[in-house]
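Numbering (this note's numbering), first residue to last: 11 to 347.
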């Protein structure tokens, strides 16, 4: 049993009938069922819910409730009290899914981010494994492990997704829960999204949430992300934009107008060499013939540049975990302490 969970609150007074005297500092949640059989107390909020509901989803609670409880246990309206160190908000969000999920949401794809985070946190702690895994799969829709998944989500057809975007302006909350629970498989994309979506000023100072609180990254995470940023920019010059920054690719071997293509590359290099170090999103942006950076090359050189560009994008994606000081993609496992 985790240190944060206790069946017997030692500081509470007992009544002779086994029921706890009312505590004016305790608030009852909306999840207070008259036929409930267990009381969860988180912070100063109590939830009277059904043991069978908890044990039906959680091996942890199933094992805990299978152990007979001693006589003289503190009771609230005839129910044993389980005190936990979790936030009341996490339990409120979690129980909303348990009791009202089918009514409020068409599927897990519609859950708000704060609800998904609560499910991940409590699901991992109390072994609500199926619920936890469903929440993680939902988040992975926007934090993919493949470049193809990235393109489908952020580049080529984001408007076709059958889920609401939950990441925008929530990048730091995603990074923090992933680090807290060691959900390593989503961290490379999450780190990159911080750089892709947010300014350096915001990365240092935090994102103000709708409730007025601020989501911030730890100092160690800031170091990881900023080191990754510098490494990615260097990689862009060597890979994705190697065709522009170096002489080895353009003019290509099959070039039909060597002087024209060489001059076009040199001209674009002068224009864009500094711009490339301002927009990290270019590291994974797909090739587009209509982009300003695309030169007036012959068809053979244009194709050579495109091939080098796409190979560079793939190389950057393949090395994305390494840029942030992590193992390669196949070795990023979740929930391992």
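Quick reminder that beta carbons are idealized off the backbone N, C-alpha and C, glycines included.
Legend entry - residue 201 beta carbon less than 8 Å from that of residue 290: Reading the chain shown from its first residue, position 280 is the one you call residue 290. Reading the chain shown from its first residue, position 191 is the one you call residue 201. The answer is no: Cβ separation not under 8 Å.
Legend entry - Cα-Cα separation between residue 119 and residue 308, rounded to whole angstroms: Along the chain shown, one-based indexing puts residue 119 at 109. Along the chain shown, one-based indexing puts residue 308 at 298. Residue 119 and residue 308: Cα-Cα distance of roughly 46 Å.
Inset, instruction - Please list, in chain order, all residues of the same chain as residue 42 whose beta carbon is under 8 Å from its beta carbon, the five residues on each side excluded. - result: One-based indexing of the chain shown puts residue 42 at position 32. Result list for residue 42: 56, 57, 58, in chain order.
Legend entry - DSSP state of residue 303 mapped onto helix, strand, coil: By 1-based counting over the chain shown, the position of residue 303 is 293. Note: residue 303 maps to coil in three-state DSSP.
Legend entry - Strand pairing of residue 57, partner residues [DSSP]: The residue labelled residue 57 in the question sits at position 47 within the chain shown. According to DSSP, which records beta bridges pairwise, residue 57 is partnered with 50.
Legend entry - alpha helix (DSSP H) runs wholly inside the region 248-301, at least 4 long, in chain order: 252-255, 268-282
Inset, instruction - Kindly indicate which three-state DSSP category residue 85 falls into: helix, strand or coil? - result: Translated into the one-based positions of the chain shown, residue 85 becomes position 75. Residue state, collapsed to three classes: strand.
Inset, instruction - Given a cut-off of 8 Å, decide if residue 216 and residue 225 are closer than it, judged by their beta-carbon atoms. - result: In the chain shown, residue 225 corresponds to position 215, counting from 1. In the chain shown, residue 216 corresponds to position 206, counting from 1. Contact flag set, yes.
Inset, instruction - With a floor of 4 residues, list each alpha helix (DSSP H) that falls wholly inside the region 115-181, ordered by position along the chain. - result: 123-135, 139-150, 157-160
Legend entry - C-alpha gap between residue 146 and residue 186, whole angstroms: Taking the chain shown and counting its residues from 1, the one referred to as residue 146 is at position 136. Taking the chain shown and counting its residues from 1, the one referred to as residue 186 is at position 176. Going from the Cα of residue 146 to the Cα of residue 186 covers about 14 Å.
Inset, instruction - Give every residue of the same chain whose Cβ lies closer than 6 Å to the Cβ of residue 64, excluding the five residues on either side of it in the sequence, and list them in chain order. - result: Your numbering for residue 64 matches position 54 in the chain shown. Answer for residue 64: 71, listed in chain order.
Legend entry - Environment of residue 26 [buried if 16+ CB atoms lie within 10 Å]: Taking the first residue of the chain shown as 1, we reach residue 26 at position 16. Annotation note: pLDDT 35 at residue 26 (below 50); position unreliable, no value reported.
Legend entry - the region 87-103 contacting the region 154-168, beta-carbon criterion three pairs below 8 Å: no
Inset, instruction - Kindly identify the DSSP beta-bridge partner or partners of residue 344. - result: Sequence index remark: in the chain shown, residue 344 carries index 334 (1-based). Answer is 193, bridged to residue 344.
Inset, instruction - Report all residues from its chain with a CB closer than 7 Å to the CB of residue 144; omit the five preceding and five following residues, and keep chain order. - result: As a working mapping, residue 144 is identified with position 134 in the chain shown. Around residue 144: 118.
Inset, instruction - Using three-state DSSP, classify residue 37 as helix, strand or coil. - result: Taking the first residue of the chain shown as position 1, residue 37 is located at position 27. The answer is strand: DSSP assigns residue 37 an E or B state.
Inset, instruction - Could you say which of 177, 294, 84 lies nearest to residue 157 if we only look at CA atoms? - result: Looking up residue 157 in the chain shown gives position 147. The shortest C-alpha separation from residue 157 is found at 294.
Legend entry - Validate contact between the region 82-93 and the region 45-55 using beta carbons, cut 8 Å, 3 pairs: yes
Inset, instruction - Buried or exposed for residue 110, please, with buried defined as at least 16 other CB atoms from any protein chain shown within 10 angstroms of its CB. - result: Counted from its first residue, the chain shown places residue 110 at position 100. Counting Cβ neighbours within 10 Å, residue 110 comes out exposed, since fewer than 16 surround it.
Legend entry - Backbone CA spacing between residue 60 and residue 193 [nearest angstrom]: Within the chain shown, numbered from 1, the residue matching residue 60 stands at position 50. Within the chain shown, numbered from 1, the residue matching residue 193 stands at position 183. Roughly 30 Å separates the two Cα atoms.
Legend entry - Which of helix, strand or coil DSSP assigns to residue 230: Counting from one through the chain shown, the residue named residue 230 turns up at place 220. If DSSP states are grouped into helix, strand and coil, residue 230 belongs with the helices.
Inset, instruction - Give me the Cα-Cα distance between residue 342 and residue 261, rounded to the nearest whole angstrom. - result: As a working mapping, residue 342 is identified with position 332 in the chain shown. As a working mapping, residue 261 is identified with position 251 in the chain shown. Each residue's Cα considered, the two are about 40 Å apart.
Inset, instruction - Leaving out five residues on either side along the sequence, give the residues of the same chain with a beta carbon under 6 Å from the beta carbon of residue 184. - result: For the purposes of this step, residue 184 is taken as the residue at position 174 of the chain shown. Same-chain partners within the cutoff: 200.
Inset, instruction - Taking the CB atoms as reference points, tell me whether residue 212 and residue 325 lie closer together than 8 Å. - result: By 1-based counting over the chain shown, the position of residue 212 is 202. By 1-based counting over the chain shown, the position of residue 325 is 315. Not a contact, by the Cβ cut-off of 8 Å.
Inset, instruction - Classify residue 284 as buried or exposed, calling it buried when 16 or more other Cβ atoms lie within 10 Å of its own Cβ. - result: Taking the first residue of the chain shown as 1, we reach residue 284 at position 274. So residue 284 ends up on the exposed side.
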